[in-house]
Each structure stands twice: as structure tokens, then as C-alpha cells.
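K.L.:
The numbering used here puts the first residue of the sequence shown at 17, with every later residue one more than the last.
Heads up, the beta-carbon is just placed ideally off N, CA and C, and yes, glycines get one too.
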Amino acid sequence: MVLQKKQKDPIPLILNARSLVQSYDDDGKCWAFISEKTSGGKNIEVAKLKKTKGQLKVSGAVRTAELTAGVVYEVVFEVKLKKGGCWWEHPVIVMLSVPGDQRDMRRSRQVDLCGQQREDGGWIELIVGDFTPESAEGQVVSFHLLQEGEHEKKGLLLKSAVVRPKSTYHRSQSSIDYMLYRVWTGSWKNEGNIEIHHHILLH
Numbered sequence: 017m018v019l020q021k022k023q024k025d026p027i028p029l030i031l032n033a034r035s036l037v038q039s040y041d042d043d044g045k046c047w048a049f050i051s052e053k054t055s056g057g058k059n060i061e062v063a064k065l066k067k068t069k070g071q072l073k074v075s076g077a078v079r080t081a082e083l084t085a086g087v088v089y090e091v092v093f094e095v096k097l098k099k100g101g102c103w104w105e106h107p108v109i110v111m112l113s114v115p116g117d118q119r120d121m122r123r124s125r126q127v128d129l130c131g132q133q134r135e136d137g138g139w140i141e142l143i144v145g146d147f148t149p150e151s152a153e154g155q156v157v158s159f160h161l162l163q164e165g166e167h168e169k170k171g172l173l174l175k176s177a178v179v180r181p182k183s184t185y186h187r188s189q190s191s192i193d194y195m196l197y198r199v200w201t202g203s204w205k206n207e208g209n210i211e212i213h214h215h216i217l218l219h
């Protein structure tokens with residue numbers, strides 16, 4: 017029996033709140049940066065929408081050179097609403113722009129933010145869409161959270177945007193997966209009932 021360590025899954029990319037809103041709020045009138053505790057008790061910086069009229073825009077981008085070619089990635093914004101927020105009964109628009117994608121004009125959709133609020137007040141994951149970088153060339157994939165209208169908007173908290181492998185983000189990055197090589201058939205097979213007493217990893 018031969019044991020093989022599988023390659024690590026591609027690592028998610030996380031864009032913090034400051035990088036998503038700073039270019040649209042140079043004078044600090046719309047957004048404030050505050051400290052918020054995570055479920056584990058750690059303090060993190062998030063952006064709080066103080067007040068704005070007109071279009072709300074949150075944007076981020078990644079270069080395909082930072083990603084793994086051929087892997088399907090999913091983009092999500094992590095947000096939540098504070099008590100006293102207003103205008104969120106109207107939908108927001110999430111948009112994904114992928115270079116060379118013929119579906120560019122269709123990669124946007126409306127999302128009911130109020131309808132996605134969690135009972136425990138936790139962070140909401142707004143799924144923007146997915147894409148597959150075909151090569152490691154330096155193209156840019158951008159993603160946006162928008163809301164139109166001239167009414168006053170406030171009370172939105174923004175934690176981050178996450179670009180993560182769609183099929184593996186929920187798995188522990190610290191785990192090791194093993195496969196059994198069956199010499200008599202010349203093939204690899206996942207085995208969930210292997211009992212391993214010792215292992216040696218070769219690099």
C-alpha cells in the first residue's frame with residue numbers, strides 16, 4: 017500500500033473593508049471604520065455606512081495571477097444591517113465582471129438584503145457569482161455591490177469580500193487527505209476506513 021499526500025486546496029483571497037470603500041469616500045463622509053468582535057472574541061475592523069444619498073458603491077478586484085487556473089472561484093461580500101438602518105427594504109445589486117466573458121452583461125442580479133438577515137445577527141454572505149480563471153495571466157476580475165436611488169441610506173456594516181474556491185472553501189485547510197493505491201488494479205481510491213498508525217510525508 018502506498019499513501020500519497022494530496023496537494024493543498026487553493027487558498028481564498030480576502031479583501032478588507034477599507035480597501036473596498038476608501039476610493040469612493042476620500043473625505044470620510046459616508047463610511048466610518050469601527051471595531052467589531054468576531055464569534056471567537058477577536059476584534060476586527062469593519063466599515064459602517066454613516067449616511068449617503070445617491071448611488072452606493074462598494075467595489076473590489078483581484079488579478080488572475082493570484083489565483084489557480086482551472087479552479088472555480090466564488091465571490092461573496094460579508095455584510096450585515098444595524099438597527100435603525102434605512103432604505104434596505106429596496107434590493108441591492110451585486111455584479112461580477114470577468115475579462116473576456118461573453119456573459120458580462122448578465123453577471124448582475126438583485127438581492128433582497130433584508131430577507132437574508134440572520135436571526136442571530138451574524139454576518140450575511142451575499143454571493144456575487146463564480147468564475148474560472150483559464151490562465152495565470154494578469155487579467156483583473158472585479159466585483160461590486162450597488163444600490164441606486166436618491167433616498168438616504170445608512171446602517172450597513174461591511175466586513176470583507178472573499179474570493180474562494182467554490183468546492184473547497186468549507187473544508188479545513190489544515191487537514192490531510194489520503195488515498196489508497198491499489199497495486200492489483202493500478203488505480204487510486206478514496207478510503208474512509210483506513211486506520212493509520214504512522215505516516216511519513218515526503219517533500
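If we call anything under 8 Å between Cβ atoms a contact, is PHE93 one with LEU161?
P.N.:
yes
K.L.:
So VAL157 is in the beta strand (DSSP E); what residue range does that whole segment cover?
P.N.:
156-163
K.L.:
What residues are listed by DSSP as bridge partners for PRO35?
P.N.:
According to the sequence provided, residue 35 is Ser. The question's Pro does not apply to it. Its beta-bridge partners do not exist; DSSP assigns none.
K.L.:
Do ALA48 and VAL157 have their CB atoms nearer than 8 Å?
P.N.:
no
K.L.:
If you run the structure through DSSP and keep just helix, strand and coil, what is THR148?
P.N.:
coil
K.L.:
Expressed to the nearest angstrom, what Euclidean distance is found between the alpha-carbon atoms of PRO28 and ILE60?
P.N.:
18 Å
K.L.:
Shortest alpha-carbon distance to PHE159 belongs to which of ALA177, GLY171, ALA85?
P.N.:
In terms of CA proximity to PHE159, ALA177 leads the group ALA177, GLY171, ALA85.
K.L.:
What separation, rounded to the nearest whole angstrom, lies between the Cα atoms of LYS53 and ALA63?
P.N.:
Roughly 13 Å between the two C-alpha positions.
K.L.:
With a CB to CB cut of under 6 Å and the five nearest residues on each side skipped, what residues in its chain are close to LYS182?
P.N.:
VAL88, GLU90, ASP146
K.L.:
Tell me whether ALA85 sits in a helix, a strand or coil according to DSSP, three-state version.
P.N.:
coil
K.L.:
What span of residues does the beta strand (DSSP E) with GLU52 cover, start to end?
P.N.:
Its beta strand (DSSP E) spans residues 47-53.
K.L.:
What does a CB cutoff of less than 6 Å around ASP128 pick up in its chain, not counting 5 residues either side in sequence?
P.N.:
PRO107
K.L.:
Report the three-state DSSP secondary structure of GLY101 (helix, strand or coil).
P.N.:
strand
K.L.:
Quick check on this structure: which residue in PRO149, GLU166, PRO115, LEU172 has the alpha carbon closest to the alpha carbon of GLY137?
P.N.:
LEU172
K.L.:
Is the beta carbon of GLU166 sitting closer than 8 Å to the one on LYS69?
P.N.:
Cβ distance < 8 Å, so GLU166 and LYS69 count as in contact.
K.L.:
Provide the residue span of the beta strand (DSSP E) that contains VAL114, from first to last.
P.N.:
Element bounds for VAL114: n/a, residue is neither H nor E.
K.L.:
Per DSSP, which one or two residues make a beta bridge with LEU65?
P.N.:
TRP47.
K.L.:
Would you mind sorting CYS102 into buried or exposed? The rule is 16 or more other CB atoms within 10 Å of its CB.
P.N.:
exposed
K.L.:
By Cβ distance below 6 Å, which residues in the same chain neighbour THR148 in space, the five residues on each side in sequence not counted?
P.N.:
Apart from sequence neighbours up to five positions away, the residues of its chain that approach THR148 with a beta-carbon distance below 6 Å are VAL88, ordered along the chain.
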